[in-house]
Structures are given as C-alpha cells and as structure tokens.
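Peer 1: Counting along the sequence shown from 1, when you hit position 67 you're at 159 in the working numbering, and nothing is skipped either side.
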Amino acid sequence: MKGERHQARELTLQALFEIDLAGHAPSEVMSRTIETGNLSPDGVAFARELLDGVIQNREKIDGQIRHFATAWPLDQMAVVDRNILRLAIYELLHNNKVPVKVAINEAVELAKSFGADSSPRFINGVLSSISNLATR
Numbered sequence: 093m094k095g096e097r098h099q100a101r102e103l104t105l106q107a108l109f110e111i112d113l114a115g116h117a118p119s120e121v122m123s124r125t126i127e128t129g130n131l132s133p134d135g136v137a138f139a140r141e142l143l144d145g146v147i148q149n150r151e152k153i154d155g156q157i158r159h160f161a162t163a164w165p166l167d168q169m170a171v172v173d174r175n176i177l178r179l180a181i182y183e184l185l186h187n188n189k190v191p192v193k194v195a196i197n198e199a200v201e202l203a204k205s206f207g208a209d210s211s212p213r214f215i216n217g218v219l220s221s222i223s224n225l226a227t228r
C-alpha cells in the first residue's frame with residue numbers, strides 16, 4: 093500500500109502535468125485533482141505545498157533542469173519526466189523537508205509508474221547530479 097505522502101506526490105504530479113500540457117489554472121487543477129484522491133487534511137496540505145512550491149520556483153527549477161539535463165532541451169523532454177524533475181528538484185533544493193535519498197527514490201518511483209521505460213534511469217541520473225552538487 094502506498095503511503096499518503098507518495099499519493100500526494102502522485103496527485104501533485106498529475107496536476108503539474110495538466111498545468112504544463114493544457115495551461116489550466118493551478119488552483120483549479122489542484123482542487124479538482126485532490127477530489128479524486130483519498131487524502132487526509134495533512135495529505136491535502138502536503139500536496140498543495142508541493143504544487144505551490146513548484147509553481148513559485150518553476151523558473152529556478154527549470155534552470156536547474158537545463159543545466160543538468162543538457163542532452164534534453166526542456167521543451168523536448170517528455171512532459172511527465174519534466175514534471176517529475178520539477179517536483180523532485182523542488183523537494184531537493186527548495187523544500188528540504190525530506191532526505192535527499194527519499195526525494196530521489198520517490199521521483200524514481202513516480203517515473204516507474206508514469207514514465208517511459210528509460211524514465212527512471214534518466215530521472216535518477218539528473219537528480220543524482222543535482223544532489224551531488226547540492227551536498228558539496
């Protein structure tokens with residue numbers, strides 16, 4: 093059984109995907125997405141915190157992705173991979189409430205569930221490079 097924080101990350105990823113792909117308003121997307129989940133008030137608060145954090149820091153986060161994933165231009169990257177990276181980079185560099193290994197593992201698990209076959213390895217590589225720089 094998946095933990096509630098993992099479920100909150102999944103819902104946040106789904107919201108980020110829709111926002112990125114369709115350009116819908118973040119608050120409307122998250123409200124609608126949360127209705128589909130079975131989260132406690134704490135889980136809902138965590139999901140909203142993640143979404144708000146990614147949205148508020150998106151420019152900086154995208155800069156990190158461009159820097160560490162140079163082989164893949166941001167606009168050519170798979171939408172799901174791009175948003176898994178955004179979510180994980182927010183947790184790694186801006187939120188700092190979970191250990192680095194947990195943030196990376198959660199991102200890899202999301203990539204296994206929602207990405208292509210090569211997504212987990214790609215996500216792990218980019219996040220490992222970022223975490224190595226961040227921990228120096």
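C-beta: ideal position from N, C-alpha, C; glycine also.
1) For Met93, which of helix, strand or coil comes out of DSSP?
2) Hey, would you say Leu142 sits closer than 8 angstroms to Arg101, going by beta carbons?
3) Looking at Ile181: is its Cβ nearer than 8 angstroms to the Cβ of Ile153?
4) For the alpha helix (DSSP H) that contains Val190, what are its first and last residues?
5) If Leu103 sits next to Ile126, beta carbons under 8 angstroms apart, how far is it from one beta carbon to the other, in whole angstroms?
6) Can you list the alpha helix (DSSP H) stretches of 4 or more residues lying completely in the segment 123 to 167, in chain order?
7) Let me know the secondary structure DSSP gives Gly217 once reduced to three states.
8) Which one of Pro191, Lys189, Ala208, Val200 has the shortest CA to CA distance from His170?
9) Does the distance from the C-beta atom of Leu131 to that of Ile176 stay below 8 angstroms?
10) Would you decide whether Leu179 is buried or exposed? Buried here means 16 or more other CB atoms lie within 10 Å of its CB.
11) Buried or exposed: where does Pro212 fall if 16 or more other Cβ atoms within 10 Å of its Cβ makes it buried?
12) Measure the alpha-carbon distance for Ser223 versus Thr128 and round it to whole angstroms.
Peer 2: With the structure as the only source:
1) In the sequence shown, the residue the question calls residue 93 occupies position 1. With a pLDDT of 47 at Met93, under the threshold of 50, the predicted position of this residue should be treated as unreliable, and no value is reported.
2) Position 50 of the sequence shown holds residue 142. Position 9 of the sequence shown holds residue 101. Yes. Within cutoff.
3) Walking along the sequence shown from the start, residue 181 turns up at place 89. Walking along the sequence shown from the start, residue 153 turns up at place 61. Going by C-beta atoms, Ile181 is nearer than 8 angstroms to Ile153.
4) If you number the sequence shown from 1, residue 190 lands on position 98. For Val190, there is no enclosing alpha helix (DSSP H), as DSSP marks it with neither H nor E.
5) To locate residue 103, count along the sequence shown from 1; it is residue 11. To locate residue 126, count along the sequence shown from 1; it is residue 34. Rounded, the Cβ-Cβ distance is 6 angstroms, consistent with contact.
6) Runs found: 133 to 148, 150 to 160.
7) As a position in the sequence shown, residue 217 is number 125, starting the count at 1. Looking at Gly217 - three-state DSSP - the assignment turns out to be helix.
8) If you number the sequence shown from 1, residue 170 lands on position 78. A small fix is needed here, since residue 170 is Ala in this sequence, not His. Of Pro191, Lys189, Ala208, Val200, the residue nearest in Cα terms is Ala208.
9) The residue given as residue 131 occupies position 39 in the sequence shown. The residue given as residue 176 occupies position 84 in the sequence shown. No, they are not a contact pair.
10) Sequence index remark: in the sequence shown, residue 179 carries index 87 (1-based). Here Leu179 is buried, its C-beta having at least 16 other C-beta atoms within 10 Å.
11) Here residue 212 refers to the residue found at position 120 of the sequence shown. Looking at its Cβ environment, which holds 16 or more other Cβ atoms inside 10 Å, Pro212 is buried.
12) On the sequence shown, position 131 is the one that residue 223 refers to. On the sequence shown, position 36 is the one that residue 128 refers to. So the alpha carbons of these two residues sit roughly 32 angstroms apart.
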